[in-house]
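Asks: Numbering (the numbering used here), first residue to last: 39 to 152.
Glycine is no exception: its CB is placed at the ideal position from the N, C-alpha and C atoms.
Note that the structure is predicted; figures quoted are calculated from it, not measured.
First the structure, then my questions, so here it is.
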Amino acid sequence: MNRQGTIGNSTVGIAPKFAPTLSEDEAVGQARLLKALADPTRLRILSLLSRHEGEVCVFEIVESFTLEQPTISHHLRILRDAGLVDCRKKGLWAYYYVRREALARAGEVINGLA
Numbered sequence: 039m040n041r042q043g044t045i046g047n048s049t050v051g052i053a054p055k056f057a058p059t060l061s062e063d064e065a066v067g068q069a070r071l072l073k074a075l076a077d078p079t080r081l082r083i084l085s086l087l088s089r090h091e092g093e094v095c096v097f098e099i100v101e102s103f104t105l106e107q108p109t110i111s112h113h114l115r116i117l118r119d120a121g122l123v124d125c126r127k128k129g130l131w132a133y134y135y136v137r138r139e140a141l142a143r144a145g146e147v148i149n150g151l152a
């Protein structure tokens with residue numbers, strides 16, 4: 039990708055001095071991941087879930103916070119859309135768990151910026 043510049047009356051291509059290392063799609067995906075992490079409630083939910091090897095019932099998650107169930111569900115949906123958590127439905131309840139490979143990827147994204 040060259041930029042155009044002028045020298046005298048001539049237009050010449052100028053190679054960019056710095057080029058982004060991320061493609062547009064990669065940047066969008068990583069921004070979604072980091073945006074999901076950029077909320078104190080979501081970080082606390084991830085912290086709670088990451089302490090458990092298995093699944094945690096949404097009821098237990100709600101009981102651990104002073105927020106209402108719809109608010110917790112909203113945050114869980116954002117975490118799920120970002121690929122950080124997933125869930126399994128069983129009867130009336132949803133059981134959430136951390137996708138550890140996604141957390142590792144988040145760490146790689148952050149380390150890649152250092």
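Alpha carbons only, please: which of PHE56, LEU151, THR59, ARG80 is nearest the one belonging to ILE110?
Replies: When only C-alpha atoms are compared, the closest one is ARG80.
Asks: Do you know offhand how far ASP119's Cα is from GLY150's?
Replies: If I take the Cα positions, the gap works out to 22 angstroms.
Asks: Name the residue from VAL147, ALA144, GLU146, ARG138 whose alpha carbon lies nearest to the alpha carbon of GLU91.
Replies: For GLU91, the nearest C-alpha among the options comes from ARG138.
Asks: Looking only at DSSP bridge pairs, what is ASP124 linked to?
Replies: Paired residue(s): TYR135.
Asks: By DSSP's criteria, VAL94 is part of a beta bridge. Which residues make up the other side?
Replies: Partner(s): TYR134.
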